[in-house]
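Numbering (this note's numbering), first residue to last: 16 to 128. Just so you know, even glycine gets a beta-carbon here, dropped at the ideal spot from N, CA and C.
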Amino acid sequence: MYLRRSLLDNSLLHFYITDEELYSYQCGNRNSCTYKLCNPETSQEKTLTKRWHGRCPLLPGFYEYKFVYKLPPRILHTKRKTTVLNIQAQLHEGYVCVACYKIRMMFRKKTKV
16 MYLRRSLLDN SLLHFYITDE ELYSYQCGNR NSCTYKLCNP ETSQEKTLTK RWHGRCPLLP
76 GFYEYKFVYK LPPRILHTKR KTTVLNIQAQ LHEGYVCVAC YKIRMMFRKK TKV
């Protein structure tokens, strides 16, 4: 992600993970998929903000974060041949969404030979 301008102290990153039935999934072992980008409190937030030490304002520049997500049993054990998972990331400054990214992934079950 490339930031064109500084982000203030109240910046948050939200992840929304849904399947084609709009079933919503939690992030990791937490129910919340919202992470503070300034003054981190949780271990996930501290890992996410390590590059800038959780200090804000967050300066313009390129930021990269690798998101690892373990597929939930609901997707792995479905009877469907194909399942779609949508991951949306929204960057908020207060109540204003300043950036949004959406990734759509399709999973196909292997057929038995």
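Limits of the unbroken alpha helix (DSSP H) element including Q59: 58 to 63
Is the beta carbon of D34 less than 8 angstroms from the beta carbon of V83? no
Compare the C-alpha of Y116 against each of R20, K96, L23, H29 and name the closest. H29
Taking only three categories from DSSP, how would you classify R89? helix
Should T33 be flagged as near chain C, meaning a C-beta pair shorter than 8 angstroms? The structure shown contains no chain C; it is built from a single protein chain.
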